[in-house]
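Trainee:
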Amino acid sequence: MHNKSVAELSRELESGKVSSVELTQQFLDRLKAEDGKYNSFITISEEQALAEARAADELRAAGKATAWTGVPFAHKDIFCTNGIRTTCGSKMLENFVPPYDATVTANFKAAGAVCLGKTNMDEFAMGSSNESSFYGAVTNPWGLSSGDKRVPGGSSGGSAAAVAARLVPAATGTDTGGSIRQPAALCGITGLKPTYGRVSRYGMIAFASSLDQGGPMARTAEDAALMMNVMAGYDPKDSTCIDREVPDYTATLNEPLKGLKIGLPKEYFSDQLSPAMEEQVRNAIREYEKLGATVKEVSLPNARLAIAAYYVIAPAEASANLSRFDGVRYGYRCEDPKDLMDMYTRTRAEGFGTEVKRRILVGTYALSAGYFDAYYLKAQKVRRLIQQDFINAFKEVDVLMSPVSPTPAFKQGEKNTDPVSMYLEDVFTIAINLAGIPAMSVPAGLVDGLPVGLQIIGDYFSEARLLNAAHQFQQVTDWHQREPQ
Amino acid sequence: MQWDIVIGLEIHVQLATQTKIFSGSSIAFGAEPNTQANAVDLAMPGTLPVPNEQAFRYAVMFGLATNAEIGRRSVFERKNYFYPDLPKGYQTTQLAQPIVGPGYVDIDLADGSTKRVRIHHAHLEEDAGKSLHEDYHGMTGIDLNRAGTPLIEVVTEPDMTSAEEAVAFARKLHSLVTSLGICDGDMSQGSMRFDVNISLKPKGSDTLGTRTETKNLNSFRFMEQAIAHEVERQMDILEDGGVIVQETRLYNGDRDESRSMRSKEEANDYRYFPCPDLLPVEIDDAFIEDARARLPELPDARKARFKEHYGLNDYDAGILSADARLAAFFEQTVEHGKDAKLAANWIQGEFSARLNAEEKSVAEAPITGAQLGALVTRIADNTLSSAGAKKVFEALWSGENDDVDAIIEAKGLKQVSDTGALESMVDEVLAGMPDQVAQYQQESDPKKQKKMLGGFMGPLMKASKGQGNPKLFNEILVRKLGG
């Protein structure tokens, strides 16, 4: 069962061959037995999962089942879950049990899905290797056989590793600068970062509010489409959420790709990309040509500025977003504070990890009097230029394709002492968040036995087209079916 | 040396919306601590603000009432600082693009002149919670019921030159926002709070002096005292050759003293930036016109109408039109009481005196305008003497009885105005006082005669058991004695 997709499990449940309680128990048993190798979960919510499974079986018996009723999955531990601890990968929230559900959480509950637990992540979603989690690093299931412990990417590394290791068929993720796509690429799974505003951010703990977006992580594009059917939609609780009709994302998966115009941004095929990676990506693009697509080179002239702009805007927003973690109302509070200032400084010094503190300091600096114009305002101008580059490109082509990451999964400890080299992991993904457009990561090959991701970038609200392009590719390739050895 | 005083005000006005500016919690005053604070107000992780449309409507109404430009695109920013009663660690407020742009208010001064005070801008923002330092055994309690209450902060130009002008402006603003119905105006509950910026400069100088800001004054009286206190403090320093330190000060009204809260150097760097959780709000013509259509009569127009329609003088019209609820009470009284001047006198006299004595607002008054109107009617038609009217008022106020005529009946306060009956009483009394009658008739000075009439009134009132109409008694006496 653990090798089946969401769509397949849904059919198994529908046929009555297995109940949700049986399925859930099987997945829980496997999760508990296997996750020691990966550390992909922070919390396993067995009791609640079995209760949800029983409720799902009752719903199905009553003839009220949806595609998700009784299907197990997991949430990144950034989505608030009523009554289940939500840590955001931080010591700061080690004891935090939200009294409310994120909208995404509520949507999956309403669809009858069974949440097995909360997946590991970089602390407050800040990282590209899942080494900044207070709950320990996550190990990529790929490359383990060669004795190396490799990173799963980040920040949604727990979700990516869990899906790759077949512990769950699907998991939610969030993507602020590449946090769905890069781990999906490094773990050989399929991930989608939707258009900013397509998925509600309510109850999704904020890192950088203008960039954060929740999205699906699964093994197939079809499963990602099934997740989008649950996740996408207007939410009056999120003022930045866009009120726009949600299509059935599975309905257009089988549209032919003949005539699809693909653009290759020349800036994303630069010397930052290893030749072996480039070869895999170009092979994948040739598959698209075989499916009837045409390919041309395009330019995103300001893309090279994306990392610099991102590392001003994201930390600036984060510095304010994380001010609420002050030890006053919930979460970690230092022992025996001697006064208010002592409580603030020690609570935050002890409760946050190194990378989080680094970004709070960077963001605070960028917003300070005398620096605001040179950093924050300049970065916002760059952001508009980057956005315009994409708008121009989509006048010429339907989708853009590129690598997701410059290298395959690297070894744990290799980059986590050098923040700049870690930040460069997201060189191909960050501009997409700044522009607010959707993009996918699709398994597209192996280099040295490690997965390579193809990034498919679309215009605003083109998720259905991206999923269609990914699904058609998955009909003629089997990279998404490969299992870590 | 002679000094010019320069005063600018910042006024926080709590908007009388049903719910908070960014959450669905109630903003009613006085609930148990933290019972009106939901996950958004507590800044729980992942929660997001949703703007309250009514707060925008009220702010636009304020802008229209103060002749201001309305900001067509208004942007919320985060003002970052740490304080335990500020749950998010930042206040959501407006800075570069406020909802209300430059405007003005005209104030009336005691010498009968009017003065224009310019408003720099007014912006929407959320209130903080309250830190409670008592009753927690050395710890601080945090009550977040108030956190997220919508405010507009009104910032004036430094156009005022005395405590009198500043207070006149503050009262005018109070009158405006309560008339608009956008604020309950309850100063004792913090519905309006004033920060006063004060500086001095040598008389006639064009260069502004260094200013101080005195924060959080919540009554007109404290504001007046605080200004007087601060002007004197600055004058003493300057005349001793000292310099004013730019700082924020706190004024203690009970002790009439102030102390420095923080200097400019200690001021926070608030690191304002646009709030990414809230998109810029576009205010279109339709929204503005809708707000305009909701504007009630404003105090200036009401004052003019009171003069015109009820024949009130400028002073009475000014007092009665300033407070929307007092104005409504007055109009209700007149509706039931016909005589506007008499109604105005009773409201400014007995009614206001009782409210002040019991520290009650008009809304809390135990009598209605209709009742006072009925009382005024009985005074005007001579049913009641002024002494009798006071007794009726007392009975109404204490709740002893709520019907004016019933009180008059029960207490036997009806004046006797039957001329025949009064004439026979006069005849009787005069017959019993022949010496005084003779004295009166021999007196040639009309002034002394008038005085002597008083000597007959006592016995007459006694004879009528206090119910004879004194005015009629007087007329009859003059006629009979003169005859």
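Here the protein sequences come in this chain order: A and B. Counting from 1, one number per residue, gives the positions in the first sequence under the working numbering. Counting from 1001, one number per residue, gives the positions in the second sequence under the working numbering. For every residue, glycine included, the Cβ atom is placed at its ideal position computed from N, Cα and C.
With the cut-off set at 8 Å, would you say residue 487 of chain A and residue 355 of chain A are in Cβ contact?
Mentor: Residue numbering for chain A in the displayed model covers 1 to 485; residue 487 of chain A lies beyond these limits and cannot be assessed.
Trainee: Given a cut-off of 8 Å on the beta-carbon distance, is the pair residue 101 of chain A and residue 155 of chain A in contact?
Mentor: No.
Trainee: Could you tell me which residues DSSP puts in a beta bridge with residue 1116 of chain B?
Mentor: Checking the DSSP bridge columns, you'll see residue 1116 of chain B partnered with B:1106.
Trainee: Roughly how many whole angstroms lie between the Cα atoms of residue 111 of chain A and residue 237 of chain A?
Mentor: 19 Å
Trainee: Note down, in chain order, all residues in the segment 1400-1420 of chain B with a beta-carbon under 9 Å from any beta-carbon belonging to chain A.
Mentor: none
Trainee: For residue 1142 of chain B, which residues in chain A fall below 7 Å Cβ to Cβ?
Mentor: 328
Trainee: Would you say the segment 1121-1132 of chain B touches the segment 1150-1158 of chain B, given that touching needs at least three Cβ pairs under 8 Å?
Mentor: yes
Trainee: Can you check whether the CB of residue 1384 of chain B is closer than 8 Å to the CB of residue 1440 of chain B?
Mentor: no
Trainee: Curious, which full-length beta strand (DSSP E) runs of at least 3 residues does the segment 1011-1084 of chain B contain?
Mentor: Complete beta strand (DSSP E) runs here, min 3: 1076-1080.
Trainee: For residue 218 of chain A, which residues in the same chain have their Cβ closer than 7 Å to its Cβ, ignoring the five residues on either side in sequence?
Mentor: Result list for residue 218 of chain A: 6, 163, 169, 170, 189, 190, 224, 227, in chain order.
Trainee: Strictly by DSSP, which residues pair up with residue 1251 of chain B?
Mentor: B:1258
Trainee: Please list the terminal residues of the continuous beta strand (DSSP E) segment that includes residue 1193 of chain B.
Mentor: 1192-1202
Trainee: Tell me whether the beta-carbon of residue 387 of chain A lies closer than 8 Å to the beta-carbon of residue 454 of chain A.
Mentor: For residue 387 of chain A and residue 454 of chain A, no; Cβs fall outside 8 Å.
Trainee: Run down chain A in chain order and give the residues with a C-beta less than 9 Å from the C-beta of residue 1221 of chain B.
Mentor: In chain order: nothing, as chain A lies at least about 33 Å away.
Trainee: State the DSSP-derived secondary structure class of residue 1003 of chain B, mapped to helix, strand or coil.
Mentor: strand
Trainee: Taking just the CA atoms, how far does residue 235 of chain A sit from residue 243 of chain A?
Mentor: 8 Å
Trainee: Given a cut-off of 8 Å on the beta-carbon distance, is the pair residue 79 of chain A and residue 97 of chain A in contact?
Mentor: no
Trainee: By Cβ distance below 8 Å, which residues in the same chain neighbour residue 1205 of chain B in space, the five residues on each side in sequence not counted?
Mentor: 1004
Trainee: Just reading off the beta strand (DSSP E) that residue 1097 of chain B is part of, what are its end residues?
Mentor: No beta strand (DSSP E) holds residue 1097 of chain B; DSSP gives it neither H nor E.
Trainee: Between which two residues does the alpha helix (DSSP H) harbouring residue 187 of chain A extend?
Mentor: 181-187
Trainee: Using beta carbons (cut-off 8 Å, strictly below), is residue 1287 of chain B in contact with chain A?
Mentor: no
Trainee: Got a sec? Which residues, its chain only, sit under 8 Å from residue 1463 of chain B by beta carbon, not counting five neighbours each side?
Mentor: 1425, 1428, 1429
Trainee: May I ask you to verify whether the segment 387-402 of chain A touches the segment 170-181 of chain A, counting CB pairs closer than 8 Å and requiring at least 3?
Mentor: The way I'd put it, the segment 387-402 of chain A doesn't touch the segment 170-181 of chain A; fewer than three beta-carbon pairs between them come closer than 8 Å.
Trainee: Where in the segment 45-93 of chain A do unbroken runs of the alpha helix (DSSP H), each at least 4 residues long, occur, reported from the N-terminal end onward?
Mentor: 46-61
Trainee: From A:276, A:90, A:264, pick the residue whose C-alpha is nearest to that of residue 136 of chain A; which is it?
Mentor: A:90
Trainee: Evaluate residue 289 of chain A with the Cβ neighbour count: other Cβ atoms within 10 Å of its Cβ, from every protein chain shown; 16 or more gives buried, anything less gives exposed.
Mentor: exposed
Trainee: Quick one, are the C-beta atoms of residue 430 of chain A and residue 306 of chain A less than 8 Å apart?
Mentor: Cβ atoms of residue 430 of chain A and residue 306 of chain A: closer than 8 Å.
Trainee: State yes or no: is the beta carbon of residue 1050 of chain B nearer than 8 Å to at least one beta carbon in chain A?
Mentor: yes
Trainee: Measure from the C-beta of residue 333 of chain A to each C-beta in chain B and report whether the shortest distance is under 8 Å.
Mentor: no
Trainee: Are any of the Cβ atoms in chain B nearer than 8 Å to that of residue 204 of chain A?
Mentor: Chain B, which has a Cβ nearer than 8 Å to the Cβ of residue 204 of chain A, makes this yes.
Trainee: For residue 1272 of chain B and residue 312 of chain A, what's the separation of their Cα atoms in angstroms?
Mentor: Approximately 15 Å, taken between the alpha carbons.
Trainee: Does any C-beta atom of chain B lie closer than 8 Å to the C-beta of residue 369 of chain A?
Mentor: yes
Trainee: Looking only at its own chain, which residues have a Cβ that is under 6 Å from the Cβ of residue 46 of chain A, when we skip the five neighbours before and after it?
Mentor: 28
Trainee: Is residue 194 of chain A close to chain B, meaning its C-beta is less than 8 Å from at least one C-beta of that chain?
Mentor: no
Trainee: Does the distance between the C-beta of residue 407 of chain A and the nearest non-hydrogen atom of the ligand COA fall short of 7 Å?
Mentor: Among the components modelled here there is no ligand, and therefore nothing to report on the ligand COA.
Trainee: Using 8 Å for Cβ pairs, my map puts residue 1274 of chain B next to residue 1075 of chain B. What's the rounded Cβ distance?
Mentor: In this structure residue 1274 of chain B touches residue 1075 of chain B by the C-beta definition: roughly 5 Å separates them, less than 8 Å.
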